[in-house]
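Numbering (the working numbering), first residue to last: 8 to 208.
Here it is, written out as structure tokens:
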């Protein structure tokens, strides 16, 4: 299973795409989506249930949860939610569930020379190099708020040691560890990543 969230400040909605694999063909099952705070409280937050097609083993469900007034994630002022994804039967009992997906409600776009986060221009200050959380914490106290994942080609492959979803405990010199990404998300840092490319030289 895989879940992707796509917040839209402009539309006031949380887009969600859930991919199900090896899905058990049982009638009456529903996909349940529920937003909650990171402490598990869900009062007043969006939720939705959607019927599942019992005739196929693999399916992708794309839907949207209207959300008019979320607490926005901002540069220097992070705010995070969780999306809980589960499959329930006709009685509402949980049949299966995914680990909660943590996310910030943010929308990033470019307007001319400005980078807009949630429709507001931001001023980015980047130190020369961030190699661990201690360094990020240190530079954050001086007003820096963005770091760049080093363009090391090995970062883009090797599922056990690197990639777009790196595992904890990587070499600090890779500057793209799960610990750094989590800290940036939790403390309002912007993460810049190079595009993968190939060289035939």
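For every residue, glycine included, the Cβ atom is placed at its ideal position computed from N, Cα and C.
Cβ contact annotation for residue 78 (same chain, cutoff 6 angstroms, sequence separation greater than five): 86, in chain order. Boundaries of the alpha helix (DSSP H) around residue 191: 185–194.
For the 9 angstroms CB-CB criterion, residue 155 and residue 187 do not form a contact.
Uninterrupted beta strand (DSSP E) stretches at least 3 residues long and entirely within the segment 63–132 occur at 66–73, 88–95, 101–104, 108–110, 115–118, 121–124, given in chain order. With three or more CB-CB distances shorter than 8 angstroms, the segment 85–100 counts as touching the segment 34–54. In this structure residue 11 is exposed. Its beta-carbon is surrounded by fewer than 16 other beta-carbon atoms within 10 angstroms. Taking C-beta atoms under 8 angstroms as the contact rule, residue 61 and residue 33 qualify, at a distance of about 6 angstroms. Going by DSSP, residue 22 is part of no alpha helix (DSSP H) but of the beta strand (DSSP E) stretching over 20–27. Per the coordinates, the alpha-carbon of residue 146 lies some 38 angstroms from the alpha-carbon of residue 71. DSSP lists 26 as the beta-bridge partner residues of residue 9. Cβ contact annotation for residue 109 (same chain, cutoff 6 angstroms, sequence separation greater than five): 87, 89, in chain order.
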